[in-house]
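Take a look at the structure below.
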């Protein structure tokens, strides 16, 4: 688990990301909130849980009554499940809003991210990043502010990219070529990216679905925690 100190650092960022104050979140219930400042595109709806506080935030007032009825008939825990997101989708899809999730947000700090960088890892320059096939490395970000990779036979086999998610958070996206998996490359490039983020005074983040066991294990082995 992330430390209480890191949680305190992240609370203002969570409020900025969700466009809603944590004081408006519910514990026993899940309030439906339409923020004054809309969620940033492409996000039109956000179901979020921070500790034991939850909220459903949306931009479209037309959907509000139906979503209030839905969440009023479901225990908040069930909303953050495949079933819950299916039920949300039944309401939102007619309005052109698809639902994806749930996702875990994993964060790291100085005491969790290793200081030793695998000597196979290199910082990938902007020119090489621009030539990456992002259909192959689809968990990585084309508009990255930094990239760290491992090459095999001169080609990038593992890549971790860093995306600015507004200070103080930077997000890591990672992918390892299918033929290069099982060699510790994912952990190596994620650790290098997380260490670079920390050295630049920011907080590393990675987002992963609970169903993605290999990626979750890799991210946790790099020191990123829920």
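Numbering (UniProt numbering), first residue to last: 1 to 226.
A virtual CB, placed ideally from N, CA and C, is assigned to each residue, including glycine.
Model, not experiment: these values are computed from the prediction.
message = Do residue 108 and residue 10 have their beta-carbon atoms positioned less than 8 Å apart in this structure?
response = Against a cut-off of 8 Å, the Cβ pair of residue 108 and residue 10 comes out as no contact.
query = If you compare alpha carbons, which of 221, 163, 89 is closest to residue 100?
reply = Looking from the CA of residue 100, the closest CA among 221, 163, 89 belongs to 89.
key: Anticipated Cβ contact below 8 Å, residue 55 with residue 121, distance rounded   = Taking a contact as a CB-CB distance under 8 Å, the pair residue 55 and residue 121 does not count as one, their CB atoms being some 39 Å apart.
Where the beta strand (DSSP E) through residue 70 begins and ends = In the DSSP assignment, residue 70 falls outside any beta strand (DSSP E) and lies within the alpha helix (DSSP H) extending over 64-72.
ask   = Is it right to say residue 138 is buried, meaning 16 or more other beta carbons lie within 10 angstroms of its own, or is it exposed?
value = Exposed: under 16 other Cβ atoms inside 10 Å.
ask   = CB-CB under 7 Å to residue 150, same chain, minus the five flanking residues each way: which ones, in chain order?
value = Listed in chain order, the non-local C-beta contacts of residue 150 below 7 Å within the same chain comprise 120, 121, 157, 158, 185, 188, 189, local neighbours out to five positions each way being set aside.
task = Determine which residues share a DSSP beta bridge with residue 52 and list them.
result = None; residue 52 has no bridge partner.
inquiry  = Considering just the uninterrupted stretch of the alpha helix (DSSP H) at residue 190, what are its terminal residues?
reply    = Under the DSSP assignment, residue 190 falls in the alpha helix (DSSP H) whose first and last residues are 185-199.
query = Roughly how many angstroms lie between the CA atoms of residue 170 and residue 140, to the nearest whole one?
reply = Rounded to whole angstroms, residue 170 to residue 140 spans 13 Å at the Cα level.
key: Inter-residue Cα distance where the pair is residue 47 and residue 123   = Across the structure, residue 47 and residue 123 are spaced so that their CA atoms are roughly 35 Å apart.
message = Classify residue 227: buried if its beta carbon has 16 or more other beta carbons within 10 angstroms, exposed otherwise.
response = Given that the chain is displayed from residue 1 to residue 226, the structure contains no residue 227 and the question cannot be resolved.
task = Take residue 71 and list the residues in its own chain whose beta-carbon comes closer than 7 Å to its own, dropping the five residues that flank it on each side.
result = Sequence-distant Cβ neighbours of residue 71 in its own chain, meaning closer than 7 Å and more than five residues away, are 30, 32, 56, 79.
Straight-line Cα distance separating residue 73 from residue 27 = Roughly 15 Å separates the two Cα atoms.
ask   = CB-CB under 7 Å to residue 49, same chain, minus the five flanking residues each way: which ones, in chain order?
value = Cβ within range, chain order: 80.
key: For residue 231, three-class secondary structure by DSSP   = With the chain covering only 1 through 226, there is no way to say anything about residue 231.
task = Tell me whether the beta-carbon of residue 91 lies closer than 8 Å to the beta-carbon of residue 67.
result = Their beta carbons are under 8 Å apart, which means residue 91 touches residue 67 by this criterion.
inquiry  = For residue 212 and residue 42, I'd like the C-alpha separation in whole angstroms.
reply    = Their Cα atoms are separated by approximately 23 Å.
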